[in-house]
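Read in the UniProt record's numbering, the sequence shown has 311 at position 311, and its numbers run on one by one without any break. Working notes for the structure below.
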Amino acid sequence: MSLVFHVILLTLVGLIWTSAASGTGEIEDRPVGIALVHRMPDRDIYAPPTPTPTDPESTETSESAAAASIAAPPADLSPPIDLDGILKAIQSTPSAVSGTGMAGDTKFDGDAFGPGRGESKAGDRGQTTAMVFGVSGSGSRFVYVFDRSDSMNGFSGKPLRAAKAELIRSLRSLSDKQRFQLIFYNDKPTPFRMSGVPLQMMAGDEPNVVSAERYINSITAFGGTEHETAIKMALKLSPDVIFFLTDARIPRLSGAELRAIQSRAQQAGTTIHAIEFGPDSIAPSDSFLRDLAAMNQGQYQYVNIRNLQTSTAP
């Protein structure tokens, strides 16, 4: 009788177990154990099932693998773009120069104008002669590249004031038949531009010259000195003449840099004139600016800053 009773009991337990496991719902994770029956002389004792311990490390590993498989991109997907980094770079870039022609710390490199941005010289008319500190250049397209590094603040700011006044006088000699661009530079070049107008050579008409004068008067001197980038930016515009002015003997342009500039100038048909500011009574014999001018069919002019006239252009 006892045997029959146990068989019936085990059968009922199995039916209950099967019924609980059926259904279309999601199967819950349950601990699985083994029930032990201890048969005593007078009765049977059922020991409670001992759950099989689950390895926490293996569970975490499985969950991590599942999450990785869901989050992993397809094998042929390109690496993600750092949109946050790009946004920060855009937000950290100062605003473009306003329509009043005031100077902004616009950041450009030597290729800022891009290929083909310099207009073709074919059919250019309006040849004239412009002058900067006694150096004259003939053509219809002029780019003025002037140093605005901190050293131009020396001698109570006399070098910067004199350079700005001379630049304004030179611009006023142009007409609407000529084109010009201004690039002030320290460790980065800052070209002249107006809001709503692409970065380009500007007609030498009165409204543009007036805007350029406001831009020039707003320029301040600060920072280090990087010559090459500013000159390469100017050459991108394929001008007839570049007037390059600096008081910096250090850093020098290396021989390789001078040759690279010469190659670009020859391709563009550009003459480069060099004006050097210095505190000495006579010009240095080893100035790299002499080489820059000589290699590009230009003139070299030394200006003793102690003798500079600092009156502003009327």
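In this text, a Cβ means the ideal position worked out from N, Cα and C, and glycines have one as well. Given the structure is predicted, the values throughout are model-derived calculations rather than measurements.
Could you pull out every residue in the same chain whose Cβ sits closer than 7 angstroms to the Cβ of A248, ignoring the five residues on either side in sequence?
-> The residue you call residue 248 lines up with position 248 of the sequence shown. Listed in chain order, the non-local C-beta contacts of A248 below 7 angstroms within the same chain comprise D147, S149, S151 and T225, local neighbours out to five positions each way being set aside.
Inter-residue spacing [alpha-carbon to alpha-carbon] between G196 and P189 | Mapped onto the sequence shown, residue 196 falls at position 196. Mapped onto the sequence shown, residue 189 falls at position 189. Our two residues, G196 and P189, have alpha carbons roughly 20 angstroms apart in a direct line.
Nearest-angstrom Cα separation, counted from R306 out to F155 = Counted from its first residue, the sequence shown places residue 155 at position 155. Counted from its first residue, the sequence shown places residue 306 at position 306. C-alpha of F155 to C-alpha of R306: approximately 8 angstroms in a straight line.
Exposed or buried, which one is Y144 when buried takes at least 16 other CB atoms within 10 Å?
-> The count along the sequence shown starts at 1 and reaches residue 144 at position 144. With 16 or more Cβ atoms within 10 Å of its Cβ, Y144 is classed as buried.
Would you kindly report the start and end of the unbroken beta strand (DSSP E) that includes G154?
-> As a working note, residue 154 is residue 154 in the sequence shown. Where G154 is concerned, there is no enclosing beta strand (DSSP E), although the alpha helix (DSSP H) it sits in stretches over G154 to L171.
Give me whichever residues DSSP pairs with A203 in a beta bridge.
-> Within the sequence shown, the letter at position 203 stands for residue 203. A203 is bridged to R179.
Given a cut-off of 8 angstroms, decide if I242 and I168 are closer than it, judged by their beta-carbon atoms.
-> Here the question's residue 168 lines up with position 168 in the sequence shown. Here the question's residue 242 lines up with position 242 in the sequence shown. No.
Do you know how far the Cα of P198 is from the Cα of G157?
-> Position 157 of the sequence shown, counted from the first residue, corresponds to residue 157. Position 198 of the sequence shown, counted from the first residue, corresponds to residue 198. Spanning the two alpha carbons is a distance of roughly 32 angstroms.
Use the C-beta contact count for A103: other C-beta atoms within 10 angstroms, 16 or more gives buried, fewer gives exposed.
-> Here residue 103 corresponds to residue number 103 of the sequence shown, with the count starting at 1. For A103, the pLDDT reaches just 42, beneath the cut-off of 50, and the residue's location in the model is therefore unreliable, although a value from the coordinates is still provided. Per the 10 Å Cβ criterion, buried.
Delimiting residues of the beta strand (DSSP E) encompassing E257 = The residue you call residue 257 lines up with position 257 of the sequence shown. Per DSSP, E257 is not a residue of any beta strand (DSSP E); the alpha helix (DSSP H) it occupies stretches across G255 to A268.
Alpha carbon to alpha carbon, what distance is there between D240 and L182?
-> In the sequence shown, residue 182 corresponds to position 182, counting from 1. In the sequence shown, residue 240 corresponds to position 240, counting from 1. Approximately 14 angstroms, taken between the alpha carbons.
Quick one: what's got a C-beta closer than 7 angstroms to E257's C-beta in the same chain, skipping five residues either side?
-> Translated into positions along the sequence shown, residue 257 becomes position 257. Excluding the 5 residues flanking it on each side, E257 has same chain C-beta neighbours closer than 7 angstroms at E228, in chain order.
Same chain only: Cβ atoms within 6 angstroms of D82, ignoring 5 sequence neighbours per side = Stepping through the sequence shown from its first residue, residue 82 is reached at position 82. Caution is warranted here: a pLDDT of 38 is assigned to D82, below 50, making its placement in the model unreliable, and the coordinate value is therefore given only provisionally. Cβ neighbours of D82 beyond the five flanking positions: none.
Burial state of N208 (16 or more Cβ within 10 Å) | Residue numbering aside, residue 208 sits at position 208 when the sequence shown is read from its first letter. By the neighbour-count rule (16 or more Cβ atoms within 10 Å), N208 is buried.
Count the CB pairs spanning the stretch 263 to 282 and the stretch 292 to 304 that are closer than 8 angstroms, and state whether there are at least three.
-> In short, these stretches touch, since the Cβ pair count reaches three.
Return the first residue and the last residue of the alpha helix (DSSP H) that I231 is part of.
-> Along the sequence shown, one-based indexing puts residue 231 at 231. In the DSSP assignment, I231 falls within the unbroken alpha helix (DSSP H) covering H227 to L235.
Does the Cβ-Cβ distance between R252 and K232 come in under 8 angstroms?
-> Counting from 1 along the sequence shown, the entry for residue 252 is found at position 252. Counting from 1 along the sequence shown, the entry for residue 232 is found at position 232. A distance of 8 angstroms or more separates the beta carbons of R252 and K232.
Using three-state DSSP, classify A68 as helix, strand or coil.
-> By one-based count along the sequence shown, residue 68 stands at place 68. Per-residue confidence for A68 stands at a pLDDT of 45, beneath the threshold of 50, marking its modelled position as unreliable; no derived number is given.
State yes or no: is the C-beta of Q178 within less than 8 angstroms of the C-beta of S140?
-> Reading the sequence shown from its first residue, position 178 is the one you call residue 178. Reading the sequence shown from its first residue, position 140 is the one you call residue 140. It is a contact, given that the beta carbons lie within the stated cut-off.
Check T190 in the structure and name its three-state DSSP category.
-> As a working mapping, residue 190 is identified with position 190 in the sequence shown. DSSP places T190 in strand when its eight states are reduced to three.
DSSP beta-bridge partners for T220?
-> The residue labelled residue 220 in the question sits at position 220 within the sequence shown. Bridge partners of T220 according to DSSP: none are assigned.
List the DSSP bridge partners of residue 331.
-> Nothing can be reported for residue 331, as the shown portion of the chain is limited to 1 through 314.
Could you please give the first and the last residue of the uninterrupted beta strand (DSSP E) stretch that includes A274?
-> Here residue 274 refers to the residue found at position 274 of the sequence shown. Start and end: T271 to G278.
What are the residues that DSSP puts in a beta bridge with V210?
-> Here residue 210 is taken as the residue at index 210 of the sequence shown, counted from 1. Answer is none; V210 lacks a bridge partner.
Closest residue to A294 among I272, S170, D176 and S285 (Cα-Cα distance) = Walking along the sequence shown from the start, residue 294 turns up at place 294. Cα-wise, what sits closest to A294 is I272.
S195 - DSSP class collapsed to helix/strand/coil = Your numbering for residue 195 matches position 195 in the sequence shown. Reduced to three states, the DSSP call for S195 is coil.
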